[in-house]
DNA sequence: GACAATTTCGAACAATTGTTTCAAACTAAC
DNA sequence: GTTAGTTTGAAACAATTGTTCGAAATTGTC
């Protein structure tokens, strides 16, 4: 066995596919591109994963298990951290997941792609990855807003989570247009600054929502 | 001439295409689907618009001229309206443009699609539609933050505009996932409520960014 | 009404892309 | 070393989709 083939084809395919799916989304990624990057023949995807969709699911599963340890949403957070710190940590790791270019930073990108163009794998992805993250984010927002669990509050909490996630995803999916509007653009280097900005913005936003809830 | 053919093919094509492009984006929309909806033959797109891209540009142009009068970003705003009111009006019309299902509410949807999957027409679209809207939004944010035009402020203003737009677009592009997380979902009916929420959130966010700028 | 120009129509073409196929190469067990 | 099973490789297939083409139909002009 040649040393360069020490990694089996399956793994090579998953890693090549992960990068391309993350970059282009499921539909725009072609099997041929993936195989070329992986250095395999065109039929390899179908042989090892039945079809393109099978490969996609394998990529999602593979990235799911590795992402949470690399970018835990509660990075550097302890039980007695303030909710403000928790929110900042959440936003920070979220941005890293969708803007970082290291290996394998796909998972966040794949989720963001899925937001824009849903595939059949979306429901599994929601159950396994998106929902848990969302529940965690909601708990942080709930802490910030206050715990009275009435219907109105829960709606407000939900809407706040969407506002937070929407801001982050915009920097990934809207990259090209943002760069056209502001030539310097934003990349991995700016993650810290963007974290500051989005955290401050969101804390202010949540505070304002809270005020309104109390008023009524 | 049959009365049902009183509208010429070009117009029928543009209207059918607008709806499908807005719904699926450029790449996912097929010429055959468009022709079927328009009630024409498959070659009609190429005959009247040279190619699919020509049709797309025609749609963008057509929708551009009609959208601003239907959904002016300063709807109901006078010169002495407060910046808060202006922001609310901006968000309201932005949401209508991407969530409304009336005819032709495509333009905002097309822009939102373009954010997620850029086409060759993106640069024209930016110059003609996105940039002017963005400049207007930036001027509102600038009013709210304060007018000292230093470099730091301008960056903050820019980032705020992205936060605002990102929140709105999420309700369009992230529709399916949002519905999975919250079964009731959000539609045209909720535009008013969403406007309230995003406006409040953004005003609080901007206020917080402003505080931080003053501190330093 | 005749003729030229335009428009319509559907078949056919070409390019892309996911998938299948089958022989060749390789691996592992005996 | 032989053999059975697995994996690879490239070509071929099938489906989709944008585009082209030539004949037919329609329209406008004299």
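Residue numbers (my numbering), protein chains in the order written: chain R, 1 to 216; chain A, 1 to 216. Heads up, the beta-carbon is just placed ideally off N, CA and C, and yes, glycines get one too.
Among R/168, R/30, R/117 and R/74, nearest to residue 132 of chain R - alpha-carbon criterion: R/74
Under 8 Å between beta-carbons, which chain R residues line up against residue 114 of chain A? List them in chain order, please. 177
Rounded to a whole number of angstroms, what is the C-alpha to C-alpha distance between residue 2 of chain A and residue 39 of chain A? Legend: pLDDT at residue 2 of chain A = 33, less than 50; position of this residue unreliable, value from coordinates given subsequently. Their backbone Cα atoms lie some 14 Å apart in a straight line.
Using the C-alpha atoms, what's the distance from residue 17 of chain R back to residue 64 of chain R? 14 Å
Applying a beta-carbon distance threshold of less than 9 Å, which residues of chain R neighbour residue 126 of chain A? Simply 177, 180 and 181.
Rounded straight-line distance, which links the Cα of residue 161 of chain A to that of residue 147 of chain A: Distance from the CA of residue 147 of chain A to the CA of residue 161 of chain A, rounded to the nearest whole angstrom, comes to 16 Å.
Determine the DSSP secondary structure at residue 58 of chain R, reduced to helix, strand or coil. helix
Can you pull the chain R residues whose beta carbon is under 7 Å from the beta carbon of residue 208 of chain A, in chain order? Correct list: 200, 201, 203 and 204.
Same chain only: Cβ atoms within 6 Å of residue 91 of chain R, ignoring 5 sequence neighbours per side: 195, 198 and 199
So which residues on chain R does residue 146 of chain A lean against when the C-beta distance must stay under 8 Å? Residues of chain R passing the Cβ test: none, with the nearest at roughly 15 Å.
For a quick check, are the C-beta atoms of residue 205 of chain R and residue 174 of chain A less than 7 Å apart? no
Please classify residue 114 of chain R: is it buried, with 16 or more other beta-carbons within 10 angstroms of its beta-carbon, or exposed? buried
Just the chain A side, please: which residues come within less than 9 Å of residue 169 of chain R by C-beta, in chain order? 166, 169, 170, 173 and 174, listed in chain order.
Among A/165, A/56, A/33 and A/52, which residue has its Cα nearest to the Cα of residue 93 of chain A? The residue among A/165, A/56, A/33 and A/52 with its C-alpha nearest the C-alpha of residue 93 of chain A is A/165.
Under 7 Å, Cβ to Cβ, is there at least one residue of chain A near residue 162 of chain R? yes
How far does the alpha helix (DSSP H) with residue 109 of chain R in it extend, from its first residue to its last? 106-116
Distance CB(residue 116 of chain A)-CB(residue 116 of chain R) smaller than 7 Å: yes
Checking contacts by CB at 7 Å: is residue 197 of chain A closer than that to chain R? yes
Inspect the beta-carbon positions of residue 140 of chain A and residue 83 of chain A and report whether they are closer than 7 Å. yes
For the region 127-144 of chain A, which residues have a beta carbon sitting closer than 8 Å to at least one beta carbon of chain R? 130, 131 and 134
Does chain R have any CB closer than 7 Å to the CB of residue 213 of chain A? no
Residues of chain A with CB closer than 8 Å to the CB of residue 119 of chain R, please, in chain order. Against residue 119 of chain R, chain A offers no close residue; the least beta-carbon distance is about 10 Å (beta-carbon pairs closer than 8 Å).
Short of 8 Å in beta carbon distance, which residues of its chain neighbour residue 85 of chain R, apart from the five on each side in sequence? Order them along the chain. 77
Quick one: is residue 13 of chain R near chain A, going by C-beta distance under 7 Å? no
Anything in chain A within Cβ reach of residue 21 of chain R, meaning under 9 Å, just list it in chain order. The premise fails here: residue 21 of chain R is roughly 14 Å from chain A at the closest Cβ pair, so nothing lies under 9 Å.
Whether residue 41 of chain R touches residue 67 of chain R by CB criterion (7 Å): no
Let me see if you follow: with CB-CB separation under 7 Å, is residue 159 of chain A close to chain R or not? By this cut-off, residue 159 of chain A is an interface position.
At the level of alpha carbons, what is the spacing between residue 127 of chain R and residue 95 of chain R? 21 Å
What's the gap between the Cα of residue 168 of chain R and the Cα of residue 44 of chain R? Between the C-alpha atoms of residue 168 of chain R and residue 44 of chain R there is a straight-line separation of about 36 Å.
Neighbour-count burial assignment, residue 118 of chain A, 16 or more Cβ in a 10 Å radius: Its Cβ being crowded by 16 or more others within 10 Å, residue 118 of chain A is buried.
Beta carbon of residue 129 of chain A: closer than 6 Å to some heavy atom of the ligand GDP? Of the ligands one can find in the structure shown there are none, so the ligand GDP has no counterpart to examine.
How should residue 209 of chain R be labelled, buried or exposed, when 16 other C-beta atoms within 10 angstroms of its C-beta is the threshold for buried? buried
Helix, strand or coil at residue 80 of chain R [DSSP, three-state]: coil
Have a look at residue 81 of chain R and residue 203 of chain R and give me their C-alpha separation to the nearest angstrom. 15 Å
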